[in-house]
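Peer 1:
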Amino acid sequence: MDRTPLRGRHVDVDARTAWLLRVSRMGSPLGGTGDSFTARLAAAGFSTSGSVISRRESALDDIPRPMIGAYEQALELPAGTLLGPIAAMRRSLGDEPLLARPPHPRDQAYAVLSRTDELIAAGTMTGADWLTFAEAVIAADTVFLPPSVMSGWVRLLVSELMRSVRVGYATRLETLSVMISNPHTHRTVVAEITRAAGAEGAQGVADIIAVLGDALTATSLTQILDFFLTGTAAQRWGATYALLQPISTGSLKGDHVDRVREAAMQLASTDAPDAVAAAYKVAQRMSPELSARVLRLSETDPPAEPAGARLESPAGLEAFVQAGAELSGLDDQMFERLLREALSTDFVERRTHSSMLLAVSPYRQVVADVAVEQLGSADATRRSAAGHLLSFVVTAQQATALLPLLNSPAPDVRAHALRALAHAGGVPESVDLRAQVADPATTDAAMYAAGMSGSALLEELADDQSDGIRAARARWWQAAGSAVHL
Numbered sequence: 001m002d003r004t005p006l007r008g009r010h011v012d013v014d015a016r017t018a019w020l021l022r023v024s025r026m027g028s029p030l031g032g033t034g035d036s037f038t039a040r041l042a043a044a045g046f047s048t049s050g051s052v053i054s055r056r057e058s059a060l061d062d063i064p065r066p067m068i069g070a071y072e073q074a075l076e077l078p079a080g081t082l083l084g085p086i087a088a089m090r091r092s093l094g095d096e097p098l099l100a101r102p103p104h105p106r107d108q109a110y111a112v113l114s115r116t117d118e119l120i121a122a123g124t125m126t127g128a129d130w131l132t133f134a135e136a137v138i139a140a141d142t143v144f145l146p147p148s149v150m151s152g153w154v155r156l157l158v159s160e161l162m163r164s165v166r167v168g169y170a171t172r173l174e175t176l177s178v179m180i181s182n183p184h185t186h187r188t189v190v191a192e193i194t195r196a197a198g199a200e201g202a203q204g205v206a207d208i209i210a211v212l213g214d215a216l217t218a219t220s221l222t223q224i225l226d227f228f229l230t231g232t233a234a235q236r237w238g239a240t241y242a243l244l245q246p247i248s249t250g251s252l253k254g255d256h257v258d259r260v261r262e263a264a265m266q267l268a269s270t271d272a273p274d275a276v277a278a279a280y281k282v283a284q285r286m287s288p289e290l291s292a293r294v295l296r297l298s299e300t301d302p303p304a305e306p307a308g309a310r311l312e313s314p315a316g317l318e319a320f321v322q323a324g325a326e327l328s329g330l331d332d333q334m335f336e337r338l339l340r341e342a343l344s345t346d347f348v349e350r351r352t353h354s355s356m357l358l359a360v361s362p363y364r365q366v367v368a369d370v371a372v373e374q375l376g377s378a379d380a381t382r383r384s385a386a387g388h389l390l391s392f393v394v395t396a397q398q399a400t401a402l403l404p405l406l407n408s409p410a411p412d413v414r415a416h417a418l419r420a421l422a423h424a425g426g427v428p429e430s431v432d433l434r435a436q437v438a439d440p441a442t443t444d445a446a447m448y449a450a451g452m453s454g455s456a457l458l459e460e461l462a463d464d465q466s467d468g469i470r471a472a473r474a475r476w477w478q479a480a481g482s483a484v485h486l
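The numbering of the sequence shown is full-length UniProt numbering, which starts it at 1 and goes up by one.
This is the structure we're talking about:
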């Protein structure tokens with residue numbers, strides 16, 4: 001159980017790591033106990049004992065990285081299923097990276113790079129392959145890769161992250177975090193993120209801009225603040241996320257604090273509501289004094305947050321907890337803690353990582369089923385919380401229940417259903433997205449769904465001269481490709 005305060009500065013990443021391994025084993029028919037599971041781990045190359053497993057699954061001992069990979073093999077999970085979300089969480093919320101291993105021997109590192117080159121050329125690079133590549137990058141003091149090649153590979157990685165889901169998303173997110181944290185590749189990653197986020201019609205820009213906050217330097221902070229002050233709504237949201245992460249973990253220090261404080265006050269002086277909201281979100285995390293100053297400069301009151309959006313009482317929590325208890329037969333307090341964070345808006349960075357853990361846990365299906373049910377609620381806050389979580393946990397099994405929601409009179413329900421279908425394998429070609437694209441209330445979600453699904457409608461939209469923005473988005477999707485799942 002994570003016993004840290006709900007609003008504390010840190011969370012217990014060790015307890016969360018142990019929980020995911022434990023429930024993954026217990027929820028799998030291949031899990032077993034005692035000798036049977038230790039034998040499966042040994043067959044995967046990790047020798048241990050039942051007592052050691054018990055201690056590590058109880059967060060009494062550290063869990064080494066090879067053990068996580070062995071669990072994936074023993075439980076026959078796709079490579080990176082557990083490692084991706086765990087590593088990303090530990091780097092972002094615990095400042096305890098899993099992939100900071102000793103450098104590879106030179107010949108081993110070159111073998112990884114050679115293999116990466118082959119996979120990229122074949123178009124078969126997976127998230128697990130990217131993680132392996134990231135470990136070789138850590139050994140950059142012994143490996144030379146031409147800058148043009150590195151830039152091209154990072155460009156591909158960034159493009160894939162912008163349209164990836166679940167395991168594909170978590171593994172690529174961690175890979176990019178590793179690379180931006182490495183001094184040998186930091187500038188290359190910043191440059192490629194900046195280029196991709198500024199491309200005409202680009203989608204998924206908030207996700208990649210947020211990565212800039214994983215390793216603050218003068219270079220990355222300058223770019224974050226540029227997006228924060230002058231970017232589009234999506235770029236500004238990504239920059240806000242990038243700033244909140246180091247603020248929440250206490251790693252924003254020195255002159256960086258002064259630069260962020262000045263930027264928040266500058267943004268608060270504008271007339272744009274979304275800009276003022278971003279300034280307040282950042283100021284609220286930094287200090288009460290800065291929060292008050294931002295409100296004075298903007299001449300506004302603090303944003304009114306409904307009780308159902310708060311960590312203490314997120315809307316719909318009880319239904320999710322009950323469904324989980326019926327599945328497991330347990331009073332799983334970690335499950336409830338993750339749900340609280342995933343359903344509330346107080347800590348956006350914890351919301352993402354808690355959602356990613358739930359998405360690879362045995363609870364995924366029941367959480368997705370409840371989320372679909374919650375989209376039918378009359379409470380907009382409940383629908384919003386469920387829709388956000390559903391985008392992480394949805395599976396193809398929810399598609400049948402989601403399709404009727406595309407005819408809902410509520411635009412937000414239609415938008416959530418479109419995004420969920422985009423992550424569940426795509427919107428069927430039998431669904432005509434034209435009306436959803438034409439509706440201003442759903443055009444963003446419909447364009448996203450069309451792009452992630454590789455819809456034939458993109459060709460028509462790309463040639464539509466009546467809406468330049470929509471045409472640019474369609475052309476971006478045509479060039480980038482559809483959803484990346486592994």
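We put the beta carbon where it would ideally sit given N, CA and C, even for glycine.
On a predicted model such as this, the values are computed, not experimentally measured, just so you know.
Return the CA-CA distance between Ala472 and Ser455, expressed in angstroms with no decimal places.
Peer 2: 15 Å
Peer 1: Would Leu311 and Ser344 be called neighbours here (beta carbons separated by less than 7 Å)?
Peer 2: With respect to the 7 Å criterion, Leu311 and Ser344 are classified as neighbours on the basis of their beta carbons.
Peer 1: Tell me Thr484's beta-bridge partners as DSSP assigns them.
Peer 2: First, the residue type needs correcting, since residue 484 is Val and not Thr in the sequence shown. In the DSSP output, where bridge partners are listed per residue, Val484 has Ser164.
Peer 1: Could you check how far apart the C-beta atoms of Leu390 and Ala368 are, in whole angstroms? I think they sit under 8 Å.
Peer 2: 6 Å
Peer 1: Would Gly34 be called buried (16 or more neighbouring beta carbons within 10 Å of its own) or exposed?
Peer 2: exposed
Peer 1: Would you mind reading off the limits of the alpha helix (DSSP H) that contains Thr188?
Peer 2: 186-197
Peer 1: So, at 6 Å on beta carbons, what are the nonlocal neighbours of Ala278 in its own chain, with the 5 sequence-adjacent residues on each side left out?
Peer 2: Arg236, Thr240
Peer 1: Pull up the CB-CB distance for Ala199 and Ile208, whole angstroms please, since I reckon it's below 8 Å.
Peer 2: Incorrect: roughly 11 Å between the Cβ atoms, too far for contact.
Peer 1: Tell me which residues share the same chain as Asp346 and place their Cβ nearer than 7 Å to its Cβ, disregarding the 5 neighbours each side in the sequence.
Peer 2: Arg310, Leu311
Peer 1: Roughly how many angstroms lie between the CA atoms of Gly201 and Gln478, to the nearest whole one?
Peer 2: 11 Å
Peer 1: Applying the 10 Å Cβ sphere with the 16-neighbour rule, what's the burial state of Thr442?
Peer 2: buried
Peer 1: Quick one: give me the first and last residue of the alpha helix (DSSP H) that Tyr241 is part of.
Peer 2: Element bounds for Tyr241: 233-249.
Peer 1: So Met356 is in the alpha helix (DSSP H); what residue range does that whole segment cover?
Peer 2: Where Met356 is concerned, the enclosing alpha helix (DSSP H) stretches over 348-359.
Peer 1: Is the separation between the beta-carbon of His353 and that of Met89 shorter than 7 Å?
Peer 2: yes
Peer 1: Is the segment 58-65 in contact with the segment 147-161, if contact means three or more CB pairs nearer than 8 Å?
Peer 2: no
Peer 1: Quick check on Phe144: does DSSP put it in helix, strand or coil?
Peer 2: coil
Peer 1: Only counting the same chain, and skipping five residues up and downstream in sequence, which positions put a Cβ closer than 7 Å to that of Glu299?
Peer 2: none
Peer 1: How would you call Gly329, buried or exposed, if buried means at least 16 neighbouring beta carbons within 10 angstroms?
Peer 2: exposed
Peer 1: How about Asp463: is its Cβ closer than 6 Å to a heavy atom in the ligand HEM?
Peer 2: Looking for the ligand HEM in the displayed structure turns up nothing, as the structure carries no ligands at all.
Peer 1: Which of helix, strand or coil does DSSP assign to Gly8?
Peer 2: coil
Peer 1: Which term fits Leu20, buried or exposed, when burial requires 16 or more other beta carbons within 10 angstroms of its beta carbon?
Peer 2: buried
Peer 1: Below 8 Å on the Cβ atoms is my guess for Asp14 versus Arg3; work out the distance and round it to an integer in Å.
Peer 2: That pair is no contact at about 11 Å.
Peer 1: Check each candidate in Val189, Asp332, Ile247 and name the one with the smallest Cα separation from His10.
Peer 2: Ile247
Peer 1: Is Thr132 buried or exposed, if buried means 16 or more other CB atoms sit within 10 Å of its CB?
Peer 2: With 16 or more Cβ atoms within 10 Å of its Cβ, Thr132 is classed as buried.
Peer 1: So the alpha helix (DSSP H) Leu265 belongs to, where does it begin and stop?
Peer 2: Per the sequence shown, the amino acid found at residue 265 is Met instead of Leu. Residues 255-268.
Peer 1: May I have the straight-line CA-CA distance separating Ser453 from Gly426, to the nearest angstrom?
Peer 2: About 4 Å.
Peer 1: Could you compute how far the alpha carbon of Thr38 sits from the alpha carbon of Phe46?
Peer 2: Spanning the alpha carbons of Thr38 and Phe46 requires a straight line of approximately 8 Å.
Peer 1: Can you tell me which of Ile53, Leu243, Arg382 puts its alpha carbon nearest to the alpha carbon of Leu212?
Peer 2: Checked all of Ile53, Leu243, Arg382; the closest Cα to Leu212 is Leu243.
Peer 1: Cutting at 7 Å between CB atoms, please list the residues of its own chain near Leu486, excluding the five before and the five after it.
Peer 2: Pro78, Thr126, Gly127, Val167, Gly168
Peer 1: Over what stretch of residues does the alpha helix (DSSP H) that includes Tyr71 continue unbroken?
Peer 2: 65-74
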